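Numbering (UniProt numbering), first residue to last: 1 to 345.
The structure appears right after this line, and notes come after that.
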DNA sequence: TCTGGGGTCCTAGGACCC
DNA sequence: TCTGGGGTCCTAGGACCC
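Below, the structure is given as structure tokens:
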């Protein structure tokens, strides 16, 4: 008797795997990918590191200069988003050939909805097809909903299959810390711990009204739902409509000259305008982000009088918003973000 | 370890209006 | 008149995720 399952397909070491596919000599070596690939460049971090590099204490998010210190023999490669995008599309195309529903969740992940009486067999077929057609390895999690399937794929790594459902949720998850849940990070986990809620089981047993008082009417009760193993179970196959778009730059060295800062904001706004035109979207709000040295981030935003994609109008708006900052400290990052008008609203 | 870039969603507070 | 309450819009910031 077949029923609905949610599978989470997670490509293993995706970025590194794509790089190794292009250059097989990298296989088995410590490889670090990030930025322009120059480990001497300050303020650049690793997007990913292979297991061989991780053995030296290198991990994603680590500054490249630190990675170089820890693993001088590592191969440093520049990040190449178009290559990852192309590889990702090949994988998603393989998944779509099955009689399933596919919801793409970033470059290296997808949720798959399927009616089957043997989800493990389907998972194995997906893995084999992806490997045969793209030479990429993936892990597959099986669940009643996206939350369970997502956690399950992490337990399946590398290249495995794992089932996490209401049947084994408590047994597998109850004693884990709250940040094991998908949607609870270090900050919330710490605040929960301060309330005496350290484990998933403790959070599941907490009073929803109490949680609402501490974390808001939506978030508080939602954290408890996560701890109970609940989650979204609908696989949406229609393409995602982006809410907005942004461009930002961290400068290798701080900016102090006002004219130079204004010039960079103008350029970022023009890039965002080109992106909006390319995506065929109208802009309704413009935000400017300034990160001051050493690491203080501030944003200012402004709703436009009317939707537009005009580069001149967007840069003028961004520069006007920039004028509301006190630029009395060195600047390490500038960003321009826009919100799009949404169809049917 | 001196901390990227690109997203999404939620919350809180003030303005404004009735 | 010195003062209520609700609804909505806008802004700034925080948290999370890949």
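Each residue gets a CB set at the ideal place from its N, CA and C atoms; glycine is no exception.
Only a predicted model underlies this, so the values are computations on that prediction, with no experimental measurement involved.
Contact check, residue i vs residue j, beta carbons under 9 Å
i: residue 340; j: residue 269; result: no
i: residue 15; j: residue 47; result: yes
i: residue 5; j: residue 144; result: yes
i: residue 201; j: residue 179; result: no
i: residue 181; j: residue 227; result: yes
i: residue 102; j: residue 130; result: no
i: residue 307; j: residue 283; result: yes
i: residue 160; j: residue 139; result: yes
i: residue 247; j: residue 335; result: yes
i: residue 274; j: residue 327; result: no
i: residue 9; j: residue 111; result: yes
i: residue 121; j: residue 22; result: no
i: residue 354; j: residue 233; result: Residue 354 lies beyond the range of the chain shown here (1 to 345); nothing can be said about it.
i: residue 214; j: residue 337; result: no
i: residue 98; j: residue 73; result: no
Own chain, CB closer than 8 Å to residue i, minus 5 neighbours either side, in chain order
i: residue 342; result: 241 and 243
i: residue 2; result: 115, 116 and 117
i: residue 75; result: 26, 29, 30, 31 and 32
i: residue 71; result: 30, 32, 53, 56, 57 and 58
i: residue 331; result: 251, 254, 255, 256, 261, 290, 291, 292 and 293
i: residue 51; result: 13
i: residue 199; result: 174, 175, 176, 177 and 178
i: residue 345; result: At residue 345, the pLDDT of 48 sits below 50, so the modelled position is not reliable; the number obtained from the coordinates is stated separately. Excluding positions up to five away in sequence, the list is empty.
i: residue 197; result: 178, 203 and 206
Contacts around residue i, its chain only, beta-carbon distance under 7 Å, and the 5 residues preceding and following it disregarded
i: residue 329; result: 292 and 293
i: residue 34; result: 44, 45, 46, 47, 64 and 79
i: residue 165; result: 143, 144 and 148
i: residue 301; result: 285, 286, 287 and 321
i: residue 315; result: 266, 269 and 270
i: residue 156; result: 139, 140, 141 and 162
i: residue 135; result: 21
Coil, strand or helix - residue i by DSSP
i: residue 85; result: helix
i: residue 90; result: helix
i: residue 190; result: helix
i: residue 328; result: coil
i: residue 177; result: strand
i: residue 139; result: strand
i: residue 350; result: Outside the shown range of the chain (1 to 345) lies residue 350, about which nothing can therefore be said.
i: residue 345; result: Unreliable positioning characterises residue 345 in this predicted model, as indicated by a pLDDT of 48, which lies under 50. The coordinate reading is nonetheless provided below. Coil.
i: residue 264; result: helix
i: residue 361; result: Lying outside 1 to 345, the shown extent of the chain, residue 361 is not represented and no answer is given.
i: residue 1; result: coil
i: residue 297; result: strand
i: residue 184; result: coil
i: residue 323; result: coil
i: residue 30; result: coil
i: residue 226; result: helix
i: residue 210; result: helix
i: residue 196; result: coil
i: residue 312; result: helix
i: residue 239; result: coil
Nearest-angstrom beta carbon gap, residue j and residue i [assumed within contact, 8 Å]
i: residue 11; j: residue 91; result: 7 Å
i: residue 7; j: residue 32; result: Going by Cβ atoms, the distance from residue 7 to residue 32 rounds to 31 Å, so no, they are not a contact pair.
i: residue 319; j: residue 256; result: Rounded, the Cβ-Cβ distance is 18 Å, inconsistent with contact.
i: residue 88; j: residue 107; result: 4 Å
i: residue 317; j: residue 333; result: The pair is not a contact, with the Cβ atoms about 19 Å apart (cut-off 8 Å).
i: residue 60; j: residue 49; result: 6 Å
i: residue 169; j: residue 229; result: 4 Å
i: residue 137; j: residue 158; result: 7 Å
Same chain, Cβ closer than 6 Å to residue i, five either side skipped, listed in chain order
i: residue 20; result: 26 and 27
i: residue 67; result: 32, 46 and 58
i: residue 77; result: 19, 33 and 37
i: residue 100; result: 112 and 114
i: residue 86; result: none
i: residue 298; result: 290
Decide yes or no for the touch test of the stretch 180 to 197 against the stretch 210 to 225: beta carbon pairs closer than 8 Å, at least 3 of them. Taking 8 Å as the limit for Cβ pairs, the verdict is that the stretch 210 to 225 does touch the stretch 180 to 197.
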